[in-house]
Ligand SMILES: [Zn+2]
Ligand SMILES: [Zn+2]
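Residue numbers (this note's numbering): 6 to 138.
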């Protein structure tokens with residue numbers, strides 16, 4: 006049995022009762038159908054093969070999340086853009102995202118996001134920022 010641990014800031018609701026769901030896993034005997042299970046329902050209804058086990062984020066992680074949302078700084082983003090343009094790194098980043106095997110593009114804070122997207126902290130992909138998309 007291999008469960009992936011996923012940290013969440015709130016629990017889903019069990020599909021069989023109204024308790025908080027600890028597991029997201031296939032139904033017993035219905036491999037293709039998944040459901041949310043609480044601690045009580047999982048042993049008798051879950052398939053116990055694969056799935057996700059939810060754990061609540063601790064206070065530090067929640068604080069980091071909050072910080073991330075506030076961390077967007079347009080002047081830092083603009084400065085970073087200037088530097089990589091001056092250093093000729095933008096072209097390399099563009100090439101990597103078009104022809105490399107990474108499936109995303111860097112943001113100014115080091116996150117990787119979709120070529121035309123923003124990271125969770127509000128920074129745009131460098132391609133988007135450069136007006137190349
Ligand atoms: Zn339940
Ligand atoms: Zn980010």
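Idealized CB from N, CA, C, for every residue including glycine.
For residue i and residue j, which I take to be in contact (beta-carbon distance under 8 angstroms), what is that distance rounded to the nearest angstrom?
{"i": "residue 95", "j": "residue 131", "result": "7 angstroms"}
{"i": "residue 60", "j": "residue 128", "result": "Rounded, the Cβ-Cβ distance is 27 angstroms, inconsistent with contact."}
{"i": "residue 23", "j": "residue 41", "result": "The pair is not a contact, with the Cβ atoms about 11 angstroms apart (cut-off 8 angstroms)."}
{"i": "residue 105", "j": "residue 119", "result": "With a Cβ gap of about 15 angstroms, residue 105 and residue 119 do not count as contacting."}
Taking the alpha carbon of residue i as the point to measure from, which residue in the options has its own alpha carbon closest?
{"i": "residue 9", "options": "109, 111 and 53", "result": "53"}
{"i": "residue 137", "options": "99, 55 and 117", "result": "99"}
Could you pull out every residue in the same chain whose Cβ sits closer than 6 angstroms to the Cβ of residue i, ignoring the five residues on either side in sequence?
{"i": "residue 11", "result": "57 and 59"}
Leaving aside the five residues before and after residue i along the sequence, list all residues of the same chain whose C-beta is less than 7 angstroms from its C-beta, in chain order.
{"i": "residue 85", "result": "113"}
{"i": "residue 140", "result": "Coverage of the chain is limited to positions 6 through 138, which leaves residue 140 absent and any answer about it impossible."}
Give me, in chain order, the residues of the same chain whose beta-carbon lies closer than 8 angstroms to that of residue i; leave out the 5 immediate sequence neighbours on both sides.
{"i": "residue 16", "result": "25, 26, 27, 59 and 61"}
{"i": "residue 76", "result": "114, 126 and 127"}
Would you mind listing the beta strand (DSSP E) stretches within the segment 6-79 that are 3+ residues and don't spill past its ends, in chain order?
Listed in chain order, they are 7-13, 28-32, 35-42 and 55-61.
- Would you mind listing the beta strand (DSSP E) stretches within the segment 95-133 that are 3+ residues and don't spill past its ends, in chain order? DSSP runs (the beta strand (DSSP E)) wholly in the segment 95-133: none.
How would the residue list near ligand 1 read, in chain order, if you kept each one whose beta-carbon is closer than 5 angstroms to any heavy atom?
-> Output, sorted by chain position: 19, 21, 22, 24, 43 and 46.
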